[in-house]
Amino acid sequence: MRMPSQKSTDVRRKPQRQRGHERVAALLDAAGACFVEKGYEGTTMTEVAARAGAAIGSLYQFFPTKEALARALLEEYAQAAYEALGKFADKAADWSTEEWAEQLCAFLITIRKRYPAFVPLVESVPKPAADGLNIRRRLRAQLQSVLARRAPHRSDEETYAAAVVVQQMMKGAAAIQAEPGMPGRQAALAQMQHAMQRYLHGVFAA
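Last residue of the sequence shown? That's 206 in full-length UniProt numbering, and every number before it is there in order.
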């Protein structure tokens with residue numbers, strides 16, 4: 001039986017039974033590991049199926065293209081990030097500025113450790129690039145909402161600009177943590193957190 005090519009339709013079949021859900025979870029885990037090791041371009045569907053211990057036909061049954069596979073992973077990781085930031089918002093009301101800075105700097109570090117393929121897919125996948133942009137924009141909107149609650153005296157334009165800056169600082173902290181063999185990593189992270197704290201102090205000040 002001829003398998004569909006990666007140029008075929010991107011519509012994926014949804015699992016109907018528990019066994020199907022478990023198979024999809026195994027395929028997604030294998031894909032995530034392959035994307036971390038080889039990147040989007042370097043990963044093949046054959047490698048993903050082999051890593052999952054599944055037949056290639058089973059992979060194509062649920063994910064007809066590599067793009068569909070990447071999109072499914074991005075959707076899963078993004079939803080986890082949205083939920084985590086929502087929990088952050090629920091807890092942050094009574095935090096000091098120092099606690100805000102500490103938790104924001106740790107946020108993407110934690111997400112990256114939990115879902116190591118998330119950042120590579122968001123930043124470098126060529127075809128679902130729009131998905132990555134939408135994820136960044138939604139996280140930024142959540143950040144703006146959280147900042148606006150803490151600084152109600154700021155205008156929408158000010159809280160949006162602050163969300164942009166804070167998001168970039170969060171990404172910077174994650175990049176420092178992720179760079180292999182970086183000397184003085186903890187000192188650099190401490191300085192990033194201090195910079196975040198000083199910036200937030202200015203945003204929150206009346």
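From the three backbone atoms N, C-alpha and C, an ideal C-beta is built for every residue, glycine too.
Nothing here was measured: the structure is a model prediction, and the numbers come from that model.
Proximity below 7 angstroms, CB of Leu28 to CB of Leu73:
yes
Which of helix, strand or coil DSSP assigns to Thr43:
Three-state result, Thr43: coil.
In terms of alpha-carbon separation, which member of Trp95, Glu75, Cys34 lies closest to Ile135?
Glu75
Distance between Gln61 and Ala117 (C-alpha atoms, nearest Å):
22 angstroms
So which of Trp100, Gly39, Gly42 has the shortest CA-CA distance to Met192?
Trp100
Within the continuous alpha helix (DSSP H) that includes Tyr82, where are the two ends?
66-91
Return the residue from the list Ala205, Leu200, Ala106 that minimises the CA-CA distance to Gln186.
Distances from the alpha-carbon of Gln186 to those of Ala205, Leu200, Ala106 put Ala106 closest.
For Thr159 versus Ala141, is the C-beta distance shorter than 7 angstroms?
no
Going by other Cβ atoms of all chains shown within 10 Å of its Cβ, with 16 needed for buried, is Ala205 buried or exposed?
exposed
Comparing C-alpha positions only, which one of Thr65, Ala195, Ala173 sits nearest to Arg112?
The shortest C-alpha separation from Arg112 is found at Ala173.
What does the alpha-carbon distance come out to for the pair Asp90 and Gly57?
44 angstroms
Continuous alpha helix (DSSP H) stretch holding Met196: start and end
Note, Met196: alpha helix (DSSP H), 185-204.
Which of helix, strand or coil does DSSP assign to Phe118?
Phe118: helix per DSSP, three-state reduction.
Please classify Gln46 as buried or exposed, where buried requires at least 16 neighbouring CB atoms within 10 angstroms.
The sequence shown places Thr at residue 46, rather than the Gln named in the question. By the neighbour-count rule (16 or more Cβ atoms within 10 Å), Thr46 is not buried but exposed.
Using the beta-carbon count (16 or more within 10 Å), is Ala55 buried or exposed?
exposed
Beta carbon of Thr97 nearer than 7 angstroms to that of Gln177:
no
Determine the closest residue to Lys171 out of Ala33, Ala25, Pro120, Gly42, with distance taken between C-alpha atoms.
Pro120
Work out the CA separation of Glu41 and Gly202 for me, nearest whole Å.
Using only the alpha carbons, I get a separation of about 43 angstroms.
Arg2 versus Arg51: straight-line alpha-carbon distance, rounded:
With a pLDDT of 39 at Arg2, under the threshold of 50, the predicted position of this residue should be treated as unreliable, and no value is reported.
Inter-residue spacing [alpha-carbon to alpha-carbon] between Ala163 and Ser155:
Approximately 12 angstroms between the Cα atoms of the pair.
Tyr199: which of Pro180, Val165, Arg71 sits nearest, CA to CA?
Val165
Any idea what DSSP makes of His21, helix, strand or coil?
Helix at His21.
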